[in-house]
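These notes concern the structure reproduced below.
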Amino acid sequence: MNWLSKLFNSSIGQKLLVALTGLFLCTFLIVHLSGNFQLFKNDNGMAFNLYTVFMTTNPFIKTVSYVLYASILFHAFKGIHLAIKNRSARPVAYATVDGKANSHWTSRSMGVLGTIILVFIVVHMGDFWYEYKFGHIPYIRYTQNMVTGELTSTPLVGMDGQPLTINKKMEEFVDGDNKIIIVKDLYAEVKEEFTNPLLVLIYLISMAAIGFHLFHGFQSGFQTIGVNHPKYTPILKSLSLWLFGIIIPLAFASMPLYFYFL
Amino acid sequence: MSTSPKLDAKIPEGVLENKWTKYRSTVPLVNPANKRSLEIIVVGSGLAGSAAAASLAEMGYKVKVFCFQDSPRRAHSIAAQGGINAAKNYQNDGDSVYRLFYDTIKGGDYRAREANVHRLAEVSGNIIDQCVAQGVPFAREYGGLLSNRSFGGTQVQRTFYAAGQTGQQLLLGAYSALERQIGMGAVQMYSRHEMLDIVNIDGKCRGIIARDLVTGKLERHFGHAVLLCTGGYGNVFYLSTNAMGSNVTAAWKAHKKGAFFSNPCYTQIHPTCIPVSGTHQSKLTLMSESLRNDGRIWVPKRKEDAQAIREGKLNPNDLKEEDRDYYLERRYPAFGNLVPRDVASRAAKERCDAGFGVNKTGEAVFLDFAANMMRYGRIEANKKGIYNPTEDVVKQLGKEVVVEKYGNLFDMYKQITGVDPYENPMMIYPAVHYTMGGLWVDYNLMTTVPGLYALGEANFSDHGANRLGASALMQGLADGYFVIPYTIGAYLSNEIRTKAIPTDHEAFVTAEKETAEQINKLMNVKGTKPVDYFHRKLGLIMWNECGMARNAEGLKKAIQDIQALRDEFWKDVRIPGEANNMNPELEKAGRVADFLELGELMCIDALNRNESCGGHFREEYQTEEGEALRDDENYAYVASWENKGNSWELHKEELKYENIKIAQRSYK
Amino acid sequence: MSGNMNITLKVWRQNKASDKGRFETYAIPNVSEDMSFLEMFDILNEQLIIEGKDPVAFDHDCREGICGMCSMFINGRPHGPLKGVTTCQLHMRSFKNGDTIVVEPWRAKAFPVIKDLVVDRSAFDRIIAAGGYISVNTGNAQDANSLPVAKENADHAFFAAACIGCGACVAACKNASAMLFTSAKISQLALLPQGAPERNTRALNMVAQHDAEGFGSCTNTGACEAECPKGISLSNIARMNREYLGAALMS
Numbered sequence: 541m542n543w544l545s546k547l548f549n550s551s552i553g554q555k556l557l558v559a560l561t562g563l564f565l566c567t568f569l570i571v572h573l574s575g576n577f578q579l580f581k582n583d584n585g586m587a588f589n590l591y592t593v594f595m596t597t598n599p600f601i602k603t604v605s606y607v608l609y610a611s612i613l614f615h616a617f618k619g620i621h622l623a624i625k626n627r628s629a630r631p632v633a634y635a636t637v638d639g640k641a642n643s644h645w646t647s648r649s650m651g652v653l654g655t656i657i658l659v660f661i662v663v664h665m666g667d668f669w670y671e672y673k674f675g676h677i678p679y680i681r682y683t684q685n686m687v688t689g690e691l692t693s694t695p696l697v698g699m700d701g702q703p704l705t706i707n708k709k710m711e712e713f714v715d716g717d718n719k720i721i722i723v724k725d726l727y728a729e730v731k732e733e734f735t736n737p738l739l740v741l742i743y744l745i746s747m748a749a750i751g752f753h754l755f756h757g758f759q760s761g762f763q764t765i766g767v768n769h770p771k772y773t774p775i776l777k778s779l780s781l782w783l784f785g786i787i788i789p790l791a792f793a794s795m796p797l798y799f800y801f802l
Numbered sequence: 078m079s080t081s082p083k084l085d086a087k088i089p090e091g092v093l094e095n096k097w098t099k100y101r102s103t104v105p106l107v108n109p110a111n112k113r114s115l116e117i118i119v120v121g122s123g124l125a126g127s128a129a130a131a132s133l134a135e136m137g138y139k140v141k142v143f144c145f146q147d148s149p150r151r152a153h154s155i156a157a158q159g160g161i162n163a164a165k166n167y168q169n170d171g172d173s174v175y176r177l178f179y180d181t182i183k184g185g186d187y188r189a190r191e192a193n194v195h196r197l198a199e200v201s202g203n204i205i206d207q208c209v210a211q212g213v214p215f216a217r218e219y220g221g222l223l224s225n226r227s228f229g230g231t232q233v234q235r236t237f238y239a240a241g242q243t244g245q246q247l248l249l250g251a252y253s254a255l256e257r258q259i260g261m262g263a264v265q266m267y268s269r270h271e272m273l274d275i276v277n278i279d280g281k282c283r284g285i286i287a288r289d290l291v292t293g294k295l296e297r298h299f300g301h302a303v304l305l306c307t308g309g310y311g312n313v314f315y316l317s318t319n320a321m322g323s324n325v326t327a328a329w330k331a332h333k334k335g336a337f338f339s340n341p342c343y344t345q346i347h348p349t350c351i352p353v354s355g356t357h358q359s360k361l362t363l364m365s366e367s368l369r370n371d372g373r374i375w376v377p378k379r380k381e382d383a384q385a386i387r388e389g390k391l392n393p394n395d396l397k398e399e400d401r402d403y404y405l406e407r408r409y410p411a412f413g414n415l416v417p418r419d420v421a422s423r424a425a426k427e428r429c430d431a432g433f434g435v436n437k438t439g440e441a442v443f444l445d446f447a448a449n450m451m452r453y454g455r456i457e458a459n460k461k462g463i464y465n466p467t468e469d470v471v472k473q474l475g476k477e478v479v480v481e482k483y484g485n486l487f488d489m490y491k492q493i494t495g496v497d498p499y500e501n502p503m504m505i506y507p508a509v510h511y512t513m514g515g516l517w518v519d520y521n522l523m524t525t526v527p528g529l530y531a532l533g534e535a536n537f538s539d540h541g542a543n544r545l546g547a548s549a550l551m552q553g554l555a556d557g558y559f560v561i562p563y564t565i566g567a568y569l570s571n572e573i574r575t576k577a578i579p580t581d582h583e584a585f586v587t588a589e590k591e592t593a594e595q596i597n598k599l600m601n602v603k604g605t606k607p608v609d610y611f612h613r614k615l616g617l618i619m620w621n622e623c624g625m626a627r628n629a630e631g632l633k634k635a636i637q638d639i640q641a642l643r644d645e646f647w648k649d650v651r652i653p654g655e656a657n658n659m660n661p662e663l664e665k666a667g668r669v670a671d672f673l674e675l676g677e678l679m680c681i682d683a684l685n686r687n688e689s690c691g692g693h694f695r696e697e698y699q700t701e702e703g704e705a706l707r708d709d710e711n712y713a714y715v716a717s718w719e720n721k722g723n724s725w726e727l728h729k730e731e732l733k734y735e736n737i738k739i740a741q742r743s744y745k
Numbered sequence: 006m007s008g009n010m011n012i013t014l015k016v017w018r019q020n021k022a023s024d025k026g027r028f029e030t031y032a033i034p035n036v037s038e039d040m041s042f043l044e045m046f047d048i049l050n051e052q053l054i055i056e057g058k059d060p061v062a063f064d065h066d067c068r069e070g071i072c073g074m075c076s077m078f079i080n081g082r083p084h085g086p087l088k089g090v091t092t093c094q095l096h097m098r099s100f101k102n103g104d105t106i107v108v109e110p111w112r113a114k115a116f117p118v119i120k121d122l123v124v125d126r127s128a129f130d131r132i133i134a135a136g137g138y139i140s141v142n143t144g145n146a147q148d149a150n151s152l153p154v155a156k157e158n159a160d161h162a163f164f165a166a167a168c169i170g171c172g173a174c175v176a177a178c179k180n181a182s183a184m185l186f187t188s189a190k191i192s193q194l195a196l197l198p199q200g201a202p203e204r205n206t207r208a209l210n211m212v213a214q215h216d217a218e219g220f221g222s223c224t225n226t227g228a229c230e231a232e233c234p235k236g237i238s239l240s241n242i243a244r245m246n247r248e249y250l251g252a253a254l255m256s
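Going line by line, the protein sequences match chains H, W and D. According to this note's numbering, the first sequence is numbered sequentially starting from 541. According to this note's numbering, the second sequence is numbered sequentially starting from 78. According to this note's numbering, the third sequence is numbered sequentially starting from 6.
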């Protein structure tokens with residue numbers, strides 16, 4: 541497998557891996573965003589909480605999520621490694637550099653932007669993923685009348701008023717006309733977290749960082765894997781700007797803002 | 078007149094058309110095993126040098142290449158713009174080897190050697206094949222086949238080109254072939270090295286002394302043969318289209334060690350260069366001859382219009398057609414704007430001297446693309462099916478065609494002058510460009526020193542008194558790819574028993590010592606004036622007295638002036654820094670010291686040649702219409718000068734025309 | 006020399022490779038706007054020589070923008086403020102009276118400084134020697150028109166081949182990457198049918214040599230393309246990536 545190690549030790553091979561993981565993370569963002577839109581549903585979080593269960597139990601999604609974690613780690617650390625290596629290619633710095641004359645600042649700041657994003661991911665996963673998996677998220681009980689469609693929800697508490705837990709993520713059964721769903725209430729957690737203005741600020745800054753990172757990163761990934769065509773590259777570049785640079789980060793940013801001002 | 082016994086050109090017997098084929102098949106060979114132990118030194122990495130080095134290394138010789146630049150790719154062949162001639166007849170316009178041969182001899186004003194020129198025409202086609210195979214991206218037509226354009230002095234389209242960067246593309250082709258051999262270890266490359274002397278042992282050239290320009294150290298290198306591919310000496314004029322570093326030093330050192338120097342006065346003044354703008358100017362920039370395909374040269378018919386233009390009171394675009402003097406079309410209707418360079422340059426000088434010059438200094442004429450831009454625009458409009466296009470549309474479409482053909486040249490013009498040539502006619506004036514003279518070589522390209530060869534512009538052989546456009550690239554590559562690989566066998570086949578001579582041989586030691594002394598002498602002048610001061614002064618003398626027009630009186634004065642300047646140089650030049658470090662001033666000083674000697678010889682040669690021919694125009698010898706007047710009875714010879722220390726001895730090689738009827742050159 | 010601009014130059018001076026180096030400031034009076042940037046340096050050097058000081062060493066040769074030898078980093082940009090122009094073609098009309106201009110050598114691990122503004126760019130030659138050629142010995146060629154090449158491909162090959170090897174791409178790149186240079190040659194030969202037989206080994210070997218010389222990797226900032234005096238396109242780097250990955254994975 542000499543050829544493999546040669547490939548992945550070459551500058552282009554290493555960049556290929558960064559590009560592929562990066563583009564994979566871009567597709568994840570779209571999935572993540574479309575899932576998160578459940579937050580805006582006026583059902584006290586039922587759809588969102590069910591989505592969360594699906595995402596954490598479906599075997600296919602679970603497998604993909606491990607790939608995702610690995611990609612994040614690889615993308616981040618390979619990126620940092622390459623940035624350090626690239627820096628060493630110019631041991632004596634210029635006294636004056638007019639970078640803005642020839643390139644966009646985002647393209648020159650991928651390391652910094654990426655580091656902000658990495659820190660954000662740690663915070664974000666600590667807040668929600670870790671809490672969901674290992675923390676003490678209370679359960680909620682949704683009752684939906686199957687005839688009228690009317691939906692009510694109550695926190696799942698014991699006789700003593702203390703939160704009750706069940707030993708699985710979700711339970712679903714039918715009681716007469718009613719469908720009962722008991723599920724971990726991550727929605728409430730989200731709602732509560734985003735009352736903290738500092739956290740909201742961190743999220744907003746991080747979304748900006750993601751926007752700037754992807755404004756360069758998305759189209760750059762295609763360039764690295766060799767996709768450059770006079771007809772299609774302009775499309776990729778406008779996707780980079782509008783979809784990944786503006787729409788997706790704005791959409792994500794709208795969530796903390798929504799709950800903060802709710 | 079008879080040829081000097083010291084100048085045996087070794088031209089093969091037989092009919093002209095068969096000389097080369099037959100010679101090539103009978104020239105002695107060196108077997109592959111012996112090639113491996115034969116070492117060849119190539120000095121210079123331009124078209125001739127790179128092509129020769131790569132080809133010889135491919136054949137199995139051990140090759141060392143030297144260049145003073147930081148990379149072999151920088152050699153000044155890279156700046157050649159317009160194209161390269163080849164008798165391919167791809168345009169079906171009646172071209173042939175004979176026609177290329179004939180045009181070249183005629184273009185050279187009947188002062189070139191028939192056999193050499195015919196060989197050049199014969200191999201011209203192979204060059205194009207070779208370059209295309211190397212990946213040189215010549216311009217192509219939509220059908221995928223190669224495109225051609227016209228150049229001066231011909232009535233066929235035989236010039237292959239790559240936009241205005243043909244020299245660059247050809248050199249990069251040769252350079253890549255050279256780098257391939259370097260990568261394989263067959264060539265050892267010495268960049269940032271300048272050859273400062275040749276080393277002769279028992280009457281044969283056996284190596285060189287070179288200075289490492291980074292450390293200043295002198296080095297000795299042995300070779301069974303040494304090839305000088307070091308280009309021309311136009312920089313003797315200070316202002317020329319040559320690169321700043323182009324110099325005569327290698328050829329001159331060889332000359333001082335026994336190589337005869339031929340026809341030094343044949344200088345090509347290129348008609349289309351950007352005019353001088355001020356005294357700060359360090360070099361002149363060529364606007365390719367290919368521009369004369371589509372540009373029309375003119376000055377105003379009336380002096381008062383010329384004056385108004387000079388003073389900025391009249392926009393040349395506003396001058397009516399009937400008030401313009403397209404003087405080349407007027408004087409030379411058959412060739413029009415495509416007359417050879419010497420003719421076009423003299424005509425421009427004549428108009429400017431008569432008071433019709435169009436820039437502030439009065440030394441410029443117009444090169445106007447407006448008419449052809451519109452013509453192209455209309456053709457494009459037709460192609461695109463635009464009927465009754467507006468003038469603006471036609472102009473835009475025409476501009477696009479011009480951008481594709483000459484874009485880089487127009488950009489360069491704008492950059493240097495600050496004027497947009499798409500909107501205003503270019504201003505041009507003649508400038509020193511190429512030197513037809515050089516080291517004397519025989520048919521094998523060997524100089525009068527056995528084992529020492531000269532290729533490309535460094536030799537004198539193929540262009541007579543005037544070189545046609547797009548022929549320099551052809552000659553450089555012909556010599557390097559297709560001549561020297563064969564002809565060097567004639568010498569090296571007798572050297573297979575010669576073991577590599579150790580460089581502690583006495584001759585090497587002496588040569589190095591002499592070189593070191595020369596450097597010390599320069600460093601120790603410790604005068605007051607920088608090298609450029611002397612170089613500028615020399616250039617002015619040369620341009621005024623030995624430039625586009627010469628006369629006996631001026632030349633005699635120039636000889637004295639140069640001698641005086643040379644004395645002053647050796648008393649008053651100041652070279653800062655140290656000899657054992659990178660020292661560009663020291664490099665320049667060495668080169669100017671040689672120019673100061675060469676300049677004198679050029680004037681002596683010009684004074685000796687009592688006729689006008691090609692690039693050599695003696696005012697005393699002209700027709701009533703102001704055309705060059707040759708004297709074939711007395712001057713149909715190559716003037717070869719042998720260095721005798723403080724003087725020169727003239728040797729003549731008679732030029733015999735057996736296949737061409739020698740005639741008054743006419744482009745009317 | 007009758008100009009009316011007064012220019013202050015802050016120039017990097019370094020006597021030899023092992024020296025630490027420093028900036029020195031020089032005042033140049035009476036600069037004409039028709040002067041080229043290098044002609045201004047000629048004047049500075051003459052001034053220094055007359056003062057008995059060591060002139061500034063800088064690389065230059067053709068002074069018409071094609072040899073690729075000149076190489077100054079001017080006010081934070083390779084070849085100065087203009088687009089599509091080498092230092093030798095830069096004229097003083099691009100500056101204003103009273104300007105202070107900072108001039109540095111190219112900075113890259115693979116381009117060590119030799120003296121003052123002169124750097125060693127032989128790494129480029131070694132990249133070409135690793136595969137930037139078509140292996141055709143002299144005399145092996147068939148007739149030039151026996152192999153038609155689509156005009157579009159020939160044109161693009163030419164645009165890539167227009168590279169002058171000056172190193173501005175490396176100088177401009179924040180990673181000191183030579184990918185634009187390397188890709189220009191790989192592209193030129195990949196676009197032509199003549200280059201096809203060696204395309205795989207060429208891409209592999211040239212990229213390997215690029216890496217071995219200590220150039221950084223490409224992060225697609227586009228600075229190289231923007232600063233390239235010959236307008237070599239970034240699409241060449243994408244093509245090189247394709248060529249390389251294709252060669253590494255499929256050959």
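Each residue gets a CB set at the ideal place from its N, CA and C atoms; glycine is no exception.
Taking 8 Å as the CB-CB limit, is residue i close to chain D?
i	result
residue 789(H)	no
residue 155(W)	yes
residue 652(H)	no
residue 210(W)	yes
So with Cβ pairs under 8 Å, would you call residue i a contact of chain H?
i	result
residue 31(D)	no
residue 157(D)	no
residue 167(D)	no
On a CA-only basis, which of the options is nearest residue i? Give me that one, please.
i	options	result
residue 208(W)	90(W), 134(W) and 127(W)	127(W)
residue 755(W)	157(W), 392(W), 710(W) and 306(W)	Because chain W is modelled from 78 through 745, residue 755(W) falls outside the range shown and cannot be assessed.
residue 558(W)	134(W), 109(W) and 519(W)	134(W)
May I have the straight-line CA-CA distance separating residue i from residue j, to the nearest angstrom?
i	j	result
residue 649(W)	residue 48(D)	19 Å
residue 208(D)	residue 667(W)	43 Å
residue 719(W)	residue 541(W)	19 Å
residue 191(W)	residue 736(W)	8 Å
Just to confirm before moving on: does the CB-CB distance between residue i and residue j stay below 8 Å?
i	j	result
residue 499(W)	residue 487(W)	yes
residue 660(W)	residue 293(W)	yes
Should the stretch 687-699 of chain W be called in touch with the stretch 339-350 of chain W, which here means at least 3 C-beta pairs below 8 Å? Counting Cβ pairs under 8 Å, three or more are found: they touch.
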